[in-house]
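*Asks:*
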Amino acid sequence: MATNGDEHYCLEAKGMKALIFFVALYLVALGSGCVKPNMISHGADQFPNQQSKKLSTYFNSAYFAFSVGELVALTLLVWVQTHSGMDVGFGVSAAAMAMGLISLVFGTLFYRNKPPQGSIFTPIAQVFVAAILKRNQVCPSDPRMLHGSQSKVPNHHLTVSSNAAAGGLLHTERFRFLDKACIKIQDGTNPKESPWRLCTVAQVEQVKTLISIIPIFACTIVFNTILAQLQTFSVQQGSAMNTQLTPTFHIPPASLQSIPYIILIFIVPLYDAFFVPYARKITGHESGITPLQRIGFGLFVATFSMVSAALMETKRRNSAINENKILSIFWITPQFLIFGLSEMFTAVGLIEFFYKQSLKGMQSFLTALTYCSYSFGFYLSSVLVSLVNKITSSSSNKGGWLSENDLNKDRLDLFYWLLAVLSFLNFFNYLFWARWYSHNLSVSATPQTGFNGEEINRRSFNSSKHIGDDIIP
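Residue numbers (this note's numbering): 8 to 480.
1) If we count the other Cβ atoms within 10 Å of its Cβ and call it buried at 16 or more, is Ala132 buried or exposed?
2) Which of the three DSSP states is assigned to His178 in this structure?
3) Could you spell out where the alpha helix (DSSP H) holding Thr290 opens and where it closes?
4) Can you name the residues that DSSP bridges to Thr89?
5) Would you be able to state if there are at least three C-beta pairs under 8 Å between the segment 133-144 and the segment 198-209?
6) Tell me the rounded alpha-carbon separation between Tyr285 and Ser68.
7) Using 8 Å as the threshold, is the segment 272-282 in touch with the segment 304-311, meaning 3 or more CB pairs across them?
8) Using three-state DSSP, classify Leu205 as helix, strand or coil.
9) With a 10 Å radius around its C-beta and 16 neighbouring C-beta atoms as the bar for buried, classify Ile192 as buried or exposed.
10) Which whole-angstrom value is the C-beta distance of Leu414 and Arg324, which I expect to be below 8 Å?
11) In the DSSP output, what is Asn45 paired with across the bridge?
12) Taking the Cβ atom as the reference point for each residue, do Val355 and Phe66 lie within a distance shorter than 8 Å?
13) Could you work out which residue in Asn120, Thr207, Leu111 is closest to Leu153 when comparing CA atoms only?
14) Contact check, Asp186 vs Cys226 under 8 Å by CB: the rounded distance?
15) Does the beta carbon of Ser74 sit closer than 8 Å to a beta carbon anywhere in chain D?
16) Indicate whether Ser349 and Ser382 have their beta-carbon atoms separated by less than 8 Å.
17) Can you tell me which of the three DSSP states His154 falls into?
18) Measuring straight from C-alpha to C-alpha, what distance separates Ser388 and Thr310?
19) Tell me whether the beta-carbon of Thr340 lies closer than 8 Å to the beta-carbon of Ile358.
20) Asn396 and Ser380 - do their beta-carbons sit closer together than 8 Å?
21) Have a look at Ala427 and Phe281 and give me their C-alpha separation to the nearest angstrom.
22) How many Å lie between Tyr70 and Asn45 at the Cα?
23) Which same chain residues, not among the five before or five after Met484, have their C-beta less than 8 Å away from its C-beta?
24) Would you report the Cα separation of Leu62 and Ala72, rounded to the nearest angstrom?
25) Between the alpha carbons of Ile266 and Val75, how many angstroms are there, rounded?
26) Could you compute how far the alpha carbon of Val211 sits from the alpha carbon of Ala235?
27) So, for Leu78: in the same chain, excluding its five sequence neighbours on each side, which residues have a beta-carbon less than 8 Å away from its beta-carbon?
28) Identify, in the order they occur along the chain, each residue of the same chain with its Cβ nearer than 6 Å to the Cβ of Ala327, setting aside the five sequence neighbours on each side.
29) In the DSSP assignment, what residue or residues form a beta bridge with Thr250?
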């Protein structure tokens, strides 16, 4: 910080200072990417036998803790940085992280730790390589002829794999191309094929499941695009409104981002204490509603956040232009409150879905996909803004909807309506993929529940290795 008379301005960081700054930024990103997904999965691993009731409560509690942290960062920490300097703010953050690390280390002896199971990408790659190498082979009409499949079950869509008795996998008819990886060539010259040329039914079904959850993940990207607007344009809206709360205190527009976390702090405990037990009596599901239903409800509610934002921006713009009146910043709170409710369902539901209904041994990887959705959503937001500006500027002589840095000249309200339409269409897209996923699930000894309440099995990567025709657990 440098001074010029009564003015204060920041000096540009160069050389070693710039290097330290960017290294610190990347370390924060690396640390956040490692801590969040692994912390959630590690906490869920502490519950034996995948106890659905306790797991649901745990995921709600974990998100409650995250919300408290976000709220403190957006309010108390901002106040410290404003009044004491950024150095003090970063120092407080470092001290908090150090305390968390010490707490984690002290509990090491009491944790239930899962041993490493090897690379999760190798068996995936083996299935694709084997299927491509045997692309000219014809899948047998009887799935029992596939490597690792032994007996037929009554359902004409499913065939029990060789380790089904131990809670293994069931052969499904989806993605039949991948079944070619299970075709054993009987030419007498190579009795023991390489795992890169021959895979088990269980291994192929694991890859099929992984492919099946990709559309569910993709449907949450638009949801996070809406989140990006609340952290950018909605803050800009607040800057154009009356921020005065008392004669001496003004609400910082950036602190509006804390509103969803405030509502989460109140709603999450109420949801777990009252809604879940009541819904459990109606649905019979241990979590009240299934994770897929929870995600779907959240995506549906997110649409109304943008509807509220569009209506409010229309009112704010008309008041500023036609009446020369500045609205109070409190008019902007409904869109944040609605999105907070939506986030409680979608974000927590997605984490629970990935952990409870996906591939065993990949919980941390799949939980990390939740945070990848945030990244894709914010990137899509940037692309969407640029695309809208380009299209609307070419169709009129007044420039694009968001081309000016003045909300009274821009048409942010129309952009919000566009996002509301996209969110609504994304909801129906999600319904299609959720039903498709549920109707293609297999059943095993460890039941879970899909979108419509049907049971599904827990699949495991690296649970077995095959040598020739033998399955070694």
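In this text, a Cβ means the ideal position worked out from N, Cα and C, and glycines have one as well.
*Replies:* Let me lay it out:
1) Taking all protein chains shown into account, Ala132 has fewer than 16 neighbouring C-beta atoms within 10 Å of its C-beta and is therefore exposed.
2) In this structure, His178 counts as strand in the three-state DSSP scheme.
3) That run of the alpha helix (DSSP H) goes 283-290.
4) According to DSSP, residue pairing for Thr89 in a beta bridge does not occur.
5) Per the Cβ contact rule, the segment 198-209 is in contact with the segment 133-144 (3 or more Cβ pairs under 8 Å).
6) Answer to the nearest angstrom: the Cα atoms are 18 Å apart.
7) The answer is no - the segment 304-311 does not touch the segment 272-282, with fewer than three Cβ pairs under 8 Å.
8) The three-state reading of DSSP puts Leu205 in coil, since its state is none of H, G, I, E or B.
9) It counts as exposed.
10) Leu414 to Arg324, Cβ: 7 Å. Contact.
11) DSSP lists no partner for Asn45.
12) Result yes, Cβ atoms of Val355 and Phe66 sit closer than 8 Å.
13) Nearest Cα to Leu153 within the set Asn120, Thr207, Leu111: Thr207.
14) With a Cβ gap of about 27 Å, Asp186 and Cys226 do not count as contacting.
15) In summary, chain D is missing from the structure at hand, where a single protein chain is found.
16) It is not a contact, given that the beta carbons lie outside the stated cut-off.
17) Looking at His154 - three-state DSSP - the assignment turns out to be coil, as it is neither helix nor strand.
18) Each residue's CA atom was taken as its position, placing Ser388 and Thr310 some 16 Å apart.
19) Their beta carbons are not under 8 Å apart, which means Thr340 does not touch Ile358 by this criterion.
20) For the pair Ser380 and Asn396, the CB atoms are not nearer than the 8 Å cut-off.
21) Straight across, the Cα-Cα distance linking Ala427 with Phe281 is about 30 Å.
22) Distance between the alpha carbons of Tyr70 and Asn45: 14 Å.
23) Lying outside 8 to 480, the shown extent of the chain, residue 484 is not represented and no answer is given.
24) Between the alpha carbons of Leu62 and Ala72 lies a distance of about 15 Å.
25) About 11 Å.
26) Whole-angstrom Cα-Cα distance: 37 Å.
27) Answer for Leu78: Ser265, Tyr268, Ile269, Ile272, listed in chain order.
28) Around Ala327: Asn415.
29) Partner(s): none; Thr250 has no beta bridge.
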